[in-house]
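Residue numbering for the sequence shown follows the numbering used here, beginning at 576 and increasing consecutively. Please read the structure below before turning to the comments.
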Amino acid sequence: MSLTFLSFVTLSLFMLHEFDEIILVRPWISQNQDHQDYQKEMFIAGRGSYLSAESIALMIAEEFLLAFILLLLAILFRIPELALAIGFCHTLHLLGHIMQVFRFRRWVPGGFTALMTFPILILVFVLYLSQQSVSWSLLLILSVLVMAFLLANLAFLHSRAQKIEAWIYRVSKAD
Numbered sequence: 576m577s578l579t580f581l582s583f584v585t586l587s588l589f590m591l592h593e594f595d596e597i598i599l600v601r602p603w604i605s606q607n608q609d610h611q612d613y614q615k616e617m618f619i620a621g622r623g624s625y626l627s628a629e630s631i632a633l634m635i636a637e638e639f640l641l642a643f644i645l646l647l648l649a650i651l652f653r654i655p656e657l658a659l660a661i662g663f664c665h666t667l668h669l670l671g672h673i674m675q676v677f678r679f680r681r682w683v684p685g686g687f688t689a690l691m692t693f694p695i696l697i698l699v700f701v702l703y704l705s706q707q708s709v710s711w712s713l714l715l716i717l718s719v720l721v722m723a724f725l726l727a728n729l730a731f732l733h734s735r736a737q738k739i740e741a742w743i744y745r746v747s748k749a750d
């Protein structure tokens, strides 16, 4: 398996999962935000960061661009550990959704695609690692750095949710 194929599958499955979130987060919040059992569910607990499908899509587009750039760098500079680190971080993200499905005993936004894409990602990682050698120490270091970077970026986006929403409406208004 090539590094390019690994990167393509990782990015494609990331986006498939993110479409699930774009489509379902706002309806989920509006229909369940007053339900006492779901107050600690991640999207309802953080509903102030998910103002509209448009703002969610813009934040995800920014995350996609970052993942694309990092995966492109991994391909161009032949750093499989970077591609694997990005995939590993996404897999941890999927585990969060899977835990929510089991905790609430129902589908939550991102839950279905998390359950469907998680085993595919694991299989791709196992196949890649069985065919290619990697530096495990570099993979560990890059995984920690990528996770810290992505979490900081996500926190930044959430802290700017109101401004992102206002910007969308400002640029979309005709003069």
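Glycine is no exception: its CB is placed at the ideal position from the N, C-alpha and C atoms.
{"Query": "Between L647 and T585, is the Cβ-Cβ spacing less than 9 Å?", "Result": "no"}
{"Query": "Using CA coordinates, which residue listed in Y613, L641 and A628 is at the minimum distance from M572?", "Result": "For residue 572 there is no data in the structure shown, the boundaries of the chain being 576 and 750."}
{"Query": "Going along the chain, which unbroken runs of the alpha helix (DSSP H) with 4 or more residues stay wholly within the stretch 645-680?", "Result": "655-679"}
{"Query": "Drop a sphere of 10 angstroms on the beta-carbon of H672, count the other beta-carbons inside from all chains shown, and report buried for 16 or more, exposed for fewer.", "Result": "buried"}
{"Query": "Which same chain residues, not among the five before or five after E656, have their C-beta less than 7 Å away from its C-beta?", "Result": "V709, S710, L713, L714 and L717"}
{"Query": "How about T585: is its Cβ closer than 8 Å to a heavy atom in the ligand SAM?", "Result": "Looking at this structure, you won't find the ligand SAM or any other ligand, since it has none at all."}
{"Query": "So, E596 versus P694, is the Cβ gap smaller than 9 Å?", "Result": "no"}
{"Query": "Would you check if there are 3 or more beta carbon pairs closer than 8 Å linking the stretch 677-692 to the stretch 603-613?", "Result": "yes"}
{"Query": "Would G623 be called buried (16 or more neighbouring beta carbons within 10 Å of its own) or exposed?", "Result": "exposed"}
{"Query": "If we count the other Cβ atoms within 10 Å of its Cβ and call it buried at 16 or more, is F724 buried or exposed?", "Result": "exposed"}
{"Query": "Between I661 and L599, what straight-line distance do the alpha-carbon atoms span, to the nearest angstrom?", "Result": "24 Å"}
{"Query": "Can the beta-carbon of L729 be found less than 9 Å from the beta-carbon of E638?", "Result": "yes"}
{"Query": "Pick from L588, H592, L578 and R745: whose alpha carbon is nearest that of A649?", "Result": "L578"}
{"Query": "What residue from K748, Q614, S734 and L690 has the CA that sits closest to I631's CA?", "Result": "S734"}
{"Query": "Can you give me the Cβ contacts of E670 inside the same chain, cut-off strictly under 8 Å, excluding the 5 residues immediately before and after it?", "Result": "Residue 670 is actually Leu in this sequence, not Glu. So the qualifying residues of the chain are A689 and F693."}
{"Query": "Put G621 into one of helix, strand or coil per three-state DSSP.", "Result": "coil"}
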